[in-house]
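Residue numbers (the working numbering): 65 to 143.
Reading through the structure tokens given below for one structure.
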């Protein structure tokens, strides 16, 4: 995703071990123009780790429990 805000940031920022790093990753995603596409990709490919589309792995798991299909989950995250 050439327009992604994260394209020039060390990927380790998005695969973190602490709350401080997760906040940094989430701030990068906050204003990204491809946030929805990124989240869709992560959900469709069942990516388990890291921040994708502005959601942590825990947030994506919770979303998928509530909305069983990936399209429903992405739509719910967008609202």
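Glycine residues also receive a C-beta, built at the ideal position from the N, C-alpha and C atoms.
- Residue 92 sits close to residue 73, with the two beta carbons spaced by under 8 Å.
- The straight-line gap separating the alpha-carbon atoms of residue 67 and residue 102 is approximately 11 Å.
- DSSP places residue 107 in the uninterrupted alpha helix (DSSP H) bounded by 99-108.
- Burial is judged here by how many other beta carbons sit within 10 angstroms of a residue's own beta carbon; residue 135 has fewer than 16 and is exposed.
- Contact annotation: residue 90 and residue 118 have beta-carbon atoms nearer than 8 Å.
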